[in-house]
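As C-alpha coordinates, the structure follows; a few thoughts come after it.
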Amino acid sequence: MRRKSLETLNNDYGRYIWRKWLVLLVLLVITAASGLFSLIAGSAGLSVKEVILAIAHRGDLRTETIIWNVRMPKLATAAAVGAALALSGCIMQNVLRNPLASSSTLGVSQGASFGAAVAIVYFGAGIQVNAGGTSSALTVTNPALVTLCAFAGGMATTVIILAISRLRGTTPATMVLVGVALSSMFTGGTALIQYFCDDVMVATVVYWTFGSLGRAGWRDIAIIVVLTFGAFGYFIYNRWNYNAMESGTSTAKSLGVHVDALILSSMALCALISSVAVAFVGCISFIGLIAPHIMRRFLGNDYRFLIPASALCGSALLILSDIVSRTLLSPTVLPIGALTSFLGAPLFLYLIIKRGGMK
4 MRRKSLETLN NDYGRYIWRK WLVLLVLLVI TAASGLFSLI AGSAGLSVKE
54 VILAIAHRGD LRTETIIWNV RMPKLATAAA VGAALALSGC IMQNVLRNPL
104 ASSSTLGVSQ GASFGAAVAI VYFGAGIQVN AGGTSSALTV TNPALVTLCA
154 FAGGMATTVI ILAISRLRGT TPATMVLVGV ALSSMFTGGT ALIQYFCDDV
204 MVATVVYWTF GSLGRAGWRD IAIIVVLTFG AFGYFIYNRW NYNAMESGTS
254 TAKSLGVHVD ALILSSMALC ALISSVAVAF VGCISFIGLI APHIMRRFLG
304 NDYRFLIPAS ALCGSALLIL SDIVSRTLLS PTVLPIGALT SFLGAPLFLY
354 LIIKRGGMK
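Under the working numbering, the first residue of the sequence shown carries the number 4, and numbering increases by one thereafter.
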(Lines of atoms letter the chains of each structure in order from A and count residues from 1; the text may use other names and numbers.)
(Lines give C-alpha, C1' and ligand atoms only; values in the text may rest on other atoms or scores of the structure.)
Protein backbone atom coordinates (compact mmCIF):
# COMPACT_ATOMS: atom_id res chain seq x y z
CA MET A 1 0.00 0.00 0.00
CA ARG A 2 2.78 2.37 0.96
CA ARG A 3 4.75 1.46 -2.17
CA LYS A 4 1.70 2.16 -4.32
CA SER A 5 1.23 5.52 -2.58
CA LEU A 6 4.86 6.46 -3.32
CA GLU A 7 4.44 5.46 -6.95
CA THR A 8 1.30 7.61 -7.17
CA LEU A 9 3.17 10.57 -5.69
CA ASN A 10 6.04 10.08 -8.14
CA ASN A 11 3.63 9.94 -11.07
CA ASP A 12 1.80 13.05 -9.88
CA TYR A 13 5.09 14.91 -9.46
CA GLY A 14 6.21 13.78 -12.90
CA ARG A 15 3.01 15.14 -14.46
CA TYR A 16 3.47 18.37 -12.47
CA ILE A 17 6.99 18.86 -13.82
CA TRP A 18 5.94 17.89 -17.34
CA ARG A 19 3.20 20.55 -17.35
CA LYS A 20 5.71 23.18 -16.24
CA TRP A 21 8.11 22.26 -19.04
CA LEU A 22 5.23 22.28 -21.52
CA VAL A 23 4.34 25.85 -20.51
CA LEU A 24 7.98 26.89 -21.01
CA LEU A 25 8.07 25.20 -24.43
CA VAL A 26 4.86 26.91 -25.56
CA LEU A 27 6.18 30.24 -24.28
CA LEU A 28 9.44 29.73 -26.18
CA VAL A 29 7.50 29.04 -29.40
CA ILE A 30 5.35 32.15 -28.86
CA THR A 31 8.45 34.29 -28.29
CA ALA A 32 10.17 32.90 -31.40
CA ALA A 33 7.03 33.39 -33.52
CA SER A 34 6.69 36.95 -32.22
CA GLY A 35 10.30 37.60 -33.16
CA LEU A 36 9.78 36.32 -36.70
CA PHE A 37 6.62 38.40 -37.10
CA SER A 38 8.53 41.43 -35.80
CA LEU A 39 10.99 41.05 -38.68
CA ILE A 40 8.13 40.81 -41.18
CA ALA A 41 5.82 43.55 -39.86
CA GLY A 42 6.36 47.12 -41.01
CA SER A 43 5.86 49.56 -43.84
CA ALA A 44 8.45 47.82 -46.08
CA GLY A 45 6.06 44.90 -46.74
CA LEU A 46 8.52 41.99 -46.54
CA SER A 47 7.45 38.36 -46.96
CA VAL A 48 8.51 35.42 -44.78
CA LYS A 49 10.72 34.08 -47.59
CA GLU A 50 12.47 37.44 -48.03
CA VAL A 51 13.12 37.70 -44.30
CA ILE A 52 14.55 34.17 -44.06
CA LEU A 53 16.81 34.76 -47.07
CA ALA A 54 17.97 38.07 -45.59
CA ILE A 55 18.78 36.41 -42.26
CA ALA A 56 20.88 33.85 -44.15
CA HIS A 57 22.54 36.72 -46.11
CA ARG A 58 21.08 35.44 -49.39
CA GLY A 59 18.54 38.20 -50.00
CA ASP A 60 18.77 41.42 -51.98
CA LEU A 61 20.68 44.41 -50.60
CA ARG A 62 17.54 46.41 -49.70
CA THR A 63 15.99 43.59 -47.66
CA GLU A 64 19.24 42.73 -45.87
CA THR A 65 19.76 46.39 -44.99
CA ILE A 66 16.25 46.64 -43.51
CA ILE A 67 16.60 43.39 -41.56
CA TRP A 68 20.15 43.70 -40.21
CA ASN A 69 20.40 47.47 -39.76
CA VAL A 70 16.88 48.30 -38.56
CA ARG A 71 14.65 45.41 -37.52
CA MET A 72 17.10 42.86 -36.12
CA PRO A 73 18.70 45.36 -33.66
CA LYS A 74 15.22 46.42 -32.48
CA LEU A 75 14.19 42.77 -32.08
CA ALA A 76 17.32 41.93 -30.10
CA THR A 77 16.87 45.04 -27.96
CA ALA A 78 13.22 44.18 -27.26
CA ALA A 79 14.09 40.60 -26.30
CA ALA A 80 17.00 41.59 -24.04
CA VAL A 81 15.32 44.56 -22.36
CA GLY A 82 12.03 42.69 -21.89
CA ALA A 83 13.86 39.80 -20.24
CA ALA A 84 15.91 42.13 -18.01
CA LEU A 85 12.88 44.08 -16.79
CA ALA A 86 10.77 40.94 -16.23
CA LEU A 87 13.58 39.19 -14.35
CA SER A 88 14.12 42.17 -12.08
CA GLY A 89 10.39 42.46 -11.41
CA CYS A 90 10.05 38.74 -10.65
CA ILE A 91 12.90 38.71 -8.12
CA MET A 92 12.00 42.07 -6.54
CA GLN A 93 8.47 40.84 -5.90
CA ASN A 94 9.91 37.79 -4.14
CA VAL A 95 12.57 39.32 -1.90
CA LEU A 96 10.47 42.38 -1.01
CA ARG A 97 7.34 40.28 -0.44
CA ASN A 98 5.37 42.81 -2.46
CA PRO A 99 3.45 41.93 -5.67
CA LEU A 100 3.72 45.54 -6.90
CA ALA A 101 7.52 45.73 -6.77
CA SER A 102 9.34 46.48 -10.02
CA SER A 103 11.98 48.85 -11.34
CA SER A 104 9.34 51.48 -12.13
CA THR A 105 7.55 51.30 -8.77
CA LEU A 106 10.85 51.42 -6.84
CA GLY A 107 12.03 54.55 -8.63
CA VAL A 108 14.79 53.05 -10.78
CA SER A 109 13.17 54.24 -14.02
CA GLN A 110 12.45 57.67 -12.57
CA GLY A 111 16.05 58.01 -11.39
CA ALA A 112 17.26 57.10 -14.88
CA SER A 113 14.94 59.70 -16.42
CA PHE A 114 16.32 62.35 -14.08
CA GLY A 115 19.89 61.42 -15.03
CA ALA A 116 19.07 61.61 -18.73
CA ALA A 117 17.40 65.00 -18.29
CA VAL A 118 20.48 66.34 -16.50
CA ALA A 119 22.75 65.09 -19.30
CA ILE A 120 20.59 66.56 -22.08
CA VAL A 121 19.99 69.95 -20.50
CA TYR A 122 23.04 70.71 -18.36
CA PHE A 123 25.90 68.52 -19.62
CA GLY A 124 25.57 69.51 -23.28
CA ALA A 125 24.36 66.14 -24.56
CA GLY A 126 21.61 67.90 -26.52
CA ILE A 127 22.09 70.79 -28.94
CA GLN A 128 19.34 72.86 -30.48
CA VAL A 129 19.68 73.10 -34.25
CA ASN A 130 17.77 74.96 -36.96
CA ALA A 131 15.42 72.61 -38.81
CA GLY A 132 14.55 75.08 -41.53
CA GLY A 133 12.57 78.31 -41.50
CA THR A 134 11.57 79.34 -38.00
CA SER A 135 11.37 75.79 -36.62
CA SER A 136 14.09 74.13 -34.58
CA ALA A 137 14.86 70.73 -33.14
CA LEU A 138 17.12 69.27 -30.49
CA THR A 139 19.34 66.32 -31.25
CA VAL A 140 21.12 64.17 -28.69
CA THR A 141 24.73 64.64 -29.73
CA ASN A 142 26.27 62.47 -27.00
CA PRO A 143 24.11 59.38 -26.44
CA ALA A 144 26.90 57.73 -24.42
CA LEU A 145 26.75 60.55 -21.86
CA VAL A 146 22.96 60.34 -21.69
CA THR A 147 23.17 56.57 -21.16
CA LEU A 148 25.84 56.95 -18.46
CA CYS A 149 23.87 59.59 -16.57
CA ALA A 150 20.66 57.58 -16.87
CA PHE A 151 22.45 54.51 -15.51
CA ALA A 152 23.89 56.56 -12.64
CA GLY A 153 20.45 57.90 -11.77
CA GLY A 154 18.90 54.44 -11.78
CA MET A 155 21.65 52.93 -9.65
CA ALA A 156 21.60 55.89 -7.24
CA THR A 157 18.01 55.05 -6.35
CA THR A 158 18.90 51.48 -5.46
CA VAL A 159 22.06 52.43 -3.56
CA ILE A 160 20.03 54.82 -1.39
CA ILE A 161 17.36 52.16 -0.76
CA LEU A 162 19.95 49.52 0.15
CA ALA A 163 21.94 51.98 2.31
CA ILE A 164 18.86 52.96 4.31
CA SER A 165 17.94 49.30 4.66
CA ARG A 166 21.44 48.41 5.85
CA LEU A 167 21.76 51.29 8.31
CA ARG A 168 18.26 51.26 9.77
CA GLY A 169 17.36 47.60 9.36
CA THR A 170 14.13 48.36 7.53
CA THR A 171 11.63 45.73 6.45
CA PRO A 172 11.03 44.85 2.77
CA ALA A 173 7.74 46.78 2.91
CA THR A 174 9.60 49.87 4.12
CA MET A 175 12.09 49.49 1.26
CA VAL A 176 9.19 49.74 -1.18
CA LEU A 177 7.97 52.91 0.55
CA VAL A 178 11.48 54.38 0.35
CA GLY A 179 11.47 53.58 -3.38
CA VAL A 180 8.13 55.33 -3.80
CA ALA A 181 9.49 58.41 -2.00
CA LEU A 182 12.63 58.47 -4.17
CA SER A 183 10.49 57.99 -7.27
CA SER A 184 8.46 61.06 -6.32
CA MET A 185 11.64 63.04 -5.64
CA PHE A 186 13.24 62.20 -9.00
CA THR A 187 9.99 62.88 -10.83
CA GLY A 188 9.84 66.29 -9.17
CA GLY A 189 13.47 66.95 -10.09
CA THR A 190 12.81 66.10 -13.73
CA ALA A 191 9.75 68.37 -13.72
CA LEU A 192 11.82 71.26 -12.33
CA ILE A 193 14.45 70.78 -15.04
CA GLN A 194 11.73 70.89 -17.68
CA TYR A 195 10.19 74.00 -16.09
CA PHE A 196 13.37 76.03 -16.55
CA CYS A 197 14.03 74.78 -20.12
CA ASP A 198 12.80 76.07 -23.44
CA ASP A 199 10.08 74.21 -25.32
CA VAL A 200 12.43 72.27 -27.59
CA MET A 201 14.50 70.85 -24.73
CA VAL A 202 11.35 69.96 -22.81
CA ALA A 203 10.07 68.06 -25.85
CA THR A 204 13.37 66.18 -26.16
CA VAL A 205 13.46 65.16 -22.49
CA VAL A 206 9.83 64.02 -22.66
CA TYR A 207 10.53 62.06 -25.86
CA TRP A 208 13.47 60.29 -24.20
CA THR A 209 11.30 59.23 -21.27
CA PHE A 210 8.77 57.67 -23.68
CA GLY A 211 11.32 55.00 -24.58
CA SER A 212 12.63 53.81 -27.93
CA LEU A 213 14.04 50.44 -28.99
CA GLY A 214 15.94 52.05 -31.86
CA ARG A 215 18.56 53.76 -29.70
CA ALA A 216 20.70 50.74 -28.83
CA GLY A 217 23.43 49.52 -31.18
CA TRP A 218 24.87 46.01 -31.29
CA ARG A 219 27.51 46.85 -28.67
CA ASP A 220 24.83 48.21 -26.35
CA ILE A 221 22.71 45.11 -26.92
CA ALA A 222 25.70 42.90 -26.08
CA ILE A 223 26.13 44.73 -22.75
CA ILE A 224 22.46 44.21 -21.86
CA VAL A 225 22.58 40.52 -22.87
CA VAL A 226 25.77 39.73 -20.94
CA LEU A 227 24.57 41.40 -17.74
CA THR A 228 21.11 39.86 -18.02
CA PHE A 229 22.52 36.35 -18.56
CA GLY A 230 24.84 36.83 -15.59
CA ALA A 231 21.96 37.90 -13.36
CA PHE A 232 19.81 35.07 -14.72
CA GLY A 233 22.49 32.54 -13.75
CA TYR A 234 22.64 33.92 -10.21
CA PHE A 235 18.85 33.87 -9.88
CA ILE A 236 18.62 30.28 -11.14
CA TYR A 237 21.40 29.26 -8.74
CA ASN A 238 19.26 30.61 -5.86
CA ARG A 239 15.97 29.23 -7.16
CA TRP A 240 15.40 27.04 -4.09
CA ASN A 241 16.18 29.98 -1.80
CA TYR A 242 13.51 32.05 -3.55
CA ASN A 243 11.07 29.16 -3.13
CA ALA A 244 11.86 29.17 0.59
CA MET A 245 11.34 32.95 0.72
CA GLU A 246 7.77 32.44 -0.51
CA SER A 247 6.98 30.86 2.89
CA GLY A 248 8.29 33.92 4.74
CA THR A 249 11.67 35.10 5.98
CA SER A 250 11.40 33.16 9.26
CA THR A 251 10.82 29.89 7.43
CA ALA A 252 13.60 30.69 4.97
CA LYS A 253 16.05 31.34 7.83
CA SER A 254 15.07 28.07 9.50
CA LEU A 255 15.89 26.30 6.22
CA GLY A 256 19.38 27.81 6.18
CA VAL A 257 18.83 30.70 3.78
CA HIS A 258 20.96 33.79 4.45
CA VAL A 259 17.99 36.09 3.99
CA ASP A 260 19.70 39.49 4.40
CA ALA A 261 22.51 38.62 2.00
CA LEU A 262 20.03 37.19 -0.51
CA ILE A 263 17.86 40.32 -0.41
CA LEU A 264 20.80 42.71 -0.80
CA SER A 265 22.53 40.78 -3.60
CA SER A 266 19.27 40.16 -5.47
CA MET A 267 18.21 43.81 -5.22
CA ALA A 268 21.63 44.98 -6.41
CA LEU A 269 21.52 42.69 -9.47
CA CYS A 270 17.92 43.64 -10.26
CA ALA A 271 18.83 47.31 -10.10
CA LEU A 272 21.89 46.75 -12.28
CA ILE A 273 20.10 45.04 -15.16
CA SER A 274 17.03 47.28 -15.04
CA SER A 275 19.16 50.44 -14.85
CA VAL A 276 21.23 49.35 -17.84
CA ALA A 277 18.08 48.51 -19.80
CA VAL A 278 16.40 51.83 -19.01
CA ALA A 279 19.62 53.74 -19.69
CA PHE A 280 19.81 52.42 -23.26
CA VAL A 281 16.13 52.53 -24.27
CA GLY A 282 14.36 54.92 -21.89
CA CYS A 283 11.44 54.20 -19.58
CA ILE A 284 9.51 51.01 -20.36
CA SER A 285 6.66 50.64 -17.89
CA PHE A 286 4.64 47.61 -16.76
CA ILE A 287 6.77 44.89 -18.42
CA GLY A 288 8.63 44.16 -15.19
CA LEU A 289 5.43 44.34 -13.18
CA ILE A 290 3.02 42.34 -15.31
CA ALA A 291 5.15 39.56 -16.88
CA PRO A 292 5.78 37.70 -13.57
CA HIS A 293 2.08 37.92 -12.66
CA ILE A 294 1.04 36.47 -16.02
CA MET A 295 3.35 33.50 -15.58
CA ARG A 296 2.27 32.91 -11.98
CA ARG A 297 -1.19 32.14 -13.32
CA PHE A 298 0.29 29.18 -15.23
CA LEU A 299 3.25 28.12 -13.09
CA GLY A 300 2.50 29.22 -9.55
CA ASN A 301 5.41 30.34 -7.37
CA ASP A 302 7.91 27.63 -8.28
CA TYR A 303 10.96 29.74 -9.11
CA ARG A 304 12.69 26.88 -10.91
CA PHE A 305 10.27 27.61 -13.74
CA LEU A 306 8.98 31.09 -12.91
CA ILE A 307 12.36 32.76 -13.43
CA PRO A 308 12.96 31.59 -17.04
CA ALA A 309 9.25 31.92 -17.83
CA SER A 310 9.18 35.54 -16.66
CA ALA A 311 12.20 36.34 -18.83
CA LEU A 312 10.58 34.76 -21.91
CA CYS A 313 7.24 36.44 -21.18
CA GLY A 314 8.91 39.84 -20.80
CA SER A 315 10.69 39.38 -24.13
CA ALA A 316 7.48 38.32 -25.88
CA LEU A 317 5.47 41.20 -24.40
CA LEU A 318 8.00 43.84 -25.46
CA ILE A 319 8.40 42.31 -28.94
CA LEU A 320 4.61 42.31 -29.42
CA SER A 321 4.40 45.87 -28.10
CA ASP A 322 7.04 46.92 -30.63
CA ILE A 323 5.03 45.27 -33.42
CA VAL A 324 1.91 47.19 -32.36
CA SER A 325 3.85 50.45 -32.13
CA ARG A 326 5.09 50.05 -35.72
CA THR A 327 1.89 48.80 -37.34
CA LEU A 328 -1.00 50.47 -35.51
CA LEU A 329 -0.58 53.88 -37.18
CA SER A 330 1.96 52.93 -39.87
CA PRO A 331 4.14 54.62 -41.08
CA THR A 332 4.04 56.58 -37.78
CA VAL A 333 5.91 54.74 -35.01
CA LEU A 334 4.35 55.13 -31.57
CA PRO A 335 6.65 55.55 -28.51
CA ILE A 336 7.12 52.12 -27.00
CA GLY A 337 7.12 53.30 -23.37
CA ALA A 338 3.80 55.10 -23.73
CA LEU A 339 2.31 52.09 -25.50
CA THR A 340 3.37 49.57 -22.84
CA SER A 341 1.79 51.79 -20.18
CA PHE A 342 -1.41 52.18 -22.19
CA LEU A 343 -1.74 48.45 -22.89
CA GLY A 344 -0.25 47.17 -19.64
CA ALA A 345 -2.48 49.04 -17.20
CA PRO A 346 -5.81 47.47 -18.34
CA LEU A 347 -4.21 44.02 -18.49
CA PHE A 348 -2.85 44.42 -14.98
CA LEU A 349 -6.26 45.55 -13.70
CA TYR A 350 -7.81 42.50 -15.36
CA LEU A 351 -5.37 40.20 -13.55
CA ILE A 352 -6.16 41.87 -10.23
CA ILE A 353 -9.92 41.47 -10.78
CA LYS A 354 -9.54 37.82 -11.86
CA ARG A 355 -7.47 37.01 -8.78
CA GLY A 356 -9.78 38.93 -6.46
CA GLY A 357 -6.96 41.22 -5.35
CA MET A 358 -3.27 40.53 -4.75
CA LYS A 359 -2.41 39.22 -1.33
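All C-beta atoms in this analysis are idealised placements derived from N, C-alpha and C, irrespective of residue type, glycine included.
On a predicted model such as this, the values are computed, not experimentally measured, just so you know.
Should Phe-284 and Gly-214 be called a contact, given that it needs their Cβ atoms to be closer than 9 angstroms?
-> For this step, residue 284 is matched to residue 281 along the sequence shown. For this step, residue 214 is matched to residue 211 along the sequence shown. Sequence check: residue 284 is Val here, not Phe. Their beta carbons are under 9 angstroms apart, which means Val-284 touches Gly-214 by this criterion.
Cut-off 8 angstroms between Cβ atoms - residues of its own chain near Thr-254, not counting five sequence neighbours on either side = Here residue 254 is taken as the residue at index 251 of the sequence shown, counted from 1. Contacts found: Ala-247.
Might you give, ordered along the chain, the residues of its own chain that have their beta carbon closer than 7 angstroms to the beta carbon of Ile-224, omitting 5 neighbours on each side?
-> Position 221 of the sequence shown, counted from the first residue, corresponds to residue 224. So the qualifying residues of the chain are Pro-76, Ala-79, Thr-80 and Ala-83.
Identify the continuous alpha helix (DSSP H) that holds Thr-80 and give its terminal residues.
-> As a working mapping, residue 80 is identified with position 77 in the sequence shown. Its alpha helix (DSSP H) spans residues 75-98.
N- and C-terminal bounds of the alpha helix (DSSP H) containing Trp-211 = Along the sequence shown, read from residue 1 onward, the residue named residue 211 stands at position 208. From DSSP, the alpha helix (DSSP H) with Trp-211 extends over 202-213.
Taking C-beta to C-beta, are Ile-310 and Cys-93 nearer than 9 angstroms?
-> As a working mapping, residue 310 is identified with position 307 in the sequence shown. As a working mapping, residue 93 is identified with position 90 in the sequence shown. In contact: Ile-310 and Cys-93 (Cβ atoms closer than 9 angstroms).
Under a three-way DSSP split, which group does Leu-302 fall into?
-> On the sequence shown, residue 302 is found 299 positions in, with the first residue counted as 1. Helix.
Cys-273: first and last residue of the uninterrupted alpha helix (DSSP H) it sits in = One-based indexing of the sequence shown puts residue 273 at position 270. Start and end: 262-284.
Go to Asp-223, then tell me how far its alpha helix (DSSP H) extends in each direction, as first and last residue.
-> As a working note, residue 223 is residue 220 in the sequence shown. Taken as a continuous stretch (DSSP letters only), the alpha helix (DSSP H) holding Asp-223 covers 221-240.
Taking the alpha carbon of Leu-39 as the point to measure from, which residue in Val-29, Ser-46, Gln-197 and Lys-52 has its own alpha carbon closest?
-> By 1-based counting over the sequence shown, the position of residue 39 is 36. Residue Lys-52 is the option with its Cα nearest to Leu-39.
Phe-126 versus Tyr-210: straight-line alpha-carbon distance, rounded = Numbered from 1 along the sequence shown, position 123 holds the residue referred to as residue 126. Numbered from 1 along the sequence shown, position 207 holds the residue referred to as residue 210. Each residue's Cα considered, the two are about 18 angstroms apart.
9 angstroms Cβ cutoff met for Ala-86 and Ser-277 | As a working note, residue 86 is residue 83 in the sequence shown. As a working note, residue 277 is residue 274 in the sequence shown. Not closer than 9 angstroms, so no.
With 16 other CB atoms within 10 Å as the buried threshold, where does Asp-15 fall?
-> Within the sequence shown, the letter at position 12 stands for residue 15. Exposed is the call here.
When DSSP builds the beta bridges, which residues end up paired with Leu-332?
-> The sequence position of residue 332 within the sequence shown is 329, counting from 1. The partner list for Leu-332 (beta bridge, DSSP) reads Thr-335.
Arg-171 - containing alpha helix (DSSP H), residue span = If you number the sequence shown from 1, residue 171 lands on position 168. Where Arg-171 is concerned, the enclosing alpha helix (DSSP H) stretches over 146-171.
Name the two residues that bound the continuous alpha helix (DSSP H) containing Glu-67.
-> By 1-based counting over the sequence shown, the position of residue 67 is 64. Taken as a continuous stretch (DSSP letters only), the alpha helix (DSSP H) holding Glu-67 covers 64-69.
Neighbour-count burial assignment, Asp-325, 16 or more Cβ in a 10 Å radius | Position 322 of the sequence shown, counted from the start, is the residue given in the question as residue 325. With 16 or more Cβ atoms within 10 Å of its Cβ, Asp-325 is classed as buried.
For Thr-174, the three-state DSSP class (helix, strand or coil) = Taking the first residue of the sequence shown as 1, we reach residue 174 at position 171. Thr-174: coil per DSSP, three-state reduction.
Hey, is the stretch 298-312 in contact with the stretch 105-117, meaning 3+ C-beta pairs nearer than 8 angstroms?
-> no
Among Tyr-237, Gly-182, Val-121 and Ala-35, which has the Cα closest to the Cα of Leu-99?
-> The residue labelled residue 99 in the question sits at position 96 within the sequence shown. Cα-wise, what sits closest to Leu-99 is Gly-182.
If you draw a straight line from the alpha carbon of Ile-196 to that of Thr-212, how long is it in whole angstroms?
-> Walking along the sequence shown from the start, residue 196 turns up at place 193. Walking along the sequence shown from the start, residue 212 turns up at place 209. Using only the alpha carbons, I get a separation of about 13 angstroms.
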